[in-house]
């Protein structure tokens, strides 16, 4: 399953100093909440993306804890003020402690 999981990240490539930019991210993940039963009547174990950590130039920007009620393939949008050029890094983590990272560079003028 981990080969199918893909984080996506969309941010502007350029910004002006002090600009607030929108960050859009989606991770492709089936998000089993632990309540569904399979064809044999057995409970499918919980396996969700439970955390998203965001850093800009290695400084924490956002730390999100996700719960079982979130949909499969979660999409999040948020805003970040950029003061200098740098790299925005998002790391998604699931219940098995597997993680996936997406990065994007923003050039500030």
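In my numbering, the protein residues as written are 1 to 109.
Backbone N, C-alpha and C fix where the C-beta goes; we use that ideal spot for every residue, glycine too.
For clarity, every value in this text was computed on a predicted model and none was experimentally measured.
One Cα belongs to residue 13, the other to residue 95, and the distance between them is close to 32 Å.
The three-state reading of DSSP puts residue 4 in helix, counting H, G and I together.
Here DSSP, grouped into helix, strand and coil, assigns residue 107 to strand.
Listed as beta-bridge partners of residue 80 by DSSP are 21. Within the same chain, and ignoring the five residues on either side of residue 18 in sequence, the residues whose Cβ sits closer than 7 Å to its Cβ are 81 and 83. One Cα belongs to residue 105, the other to residue 61, and the distance between them is close to 15 Å. Annotation for residue 51: the continuous beta strand (DSSP E) segment containing it runs 49 to 56. Look at the beta carbons and you see the segment 40 to 48 not touching the segment 19 to 28: under three pairs across the two are nearer than 8 Å.
DSSP, read as helix, strand or coil, puts residue 34 in coil. Around residue 74, the same chain offers 26, 27, 29, 31, 49 and 66 as residues with beta carbons nearer than 8 Å, after the five sequence neighbours per side are excluded. Under DSSP, residue 14 takes part in a beta bridge, and its partners are 107.
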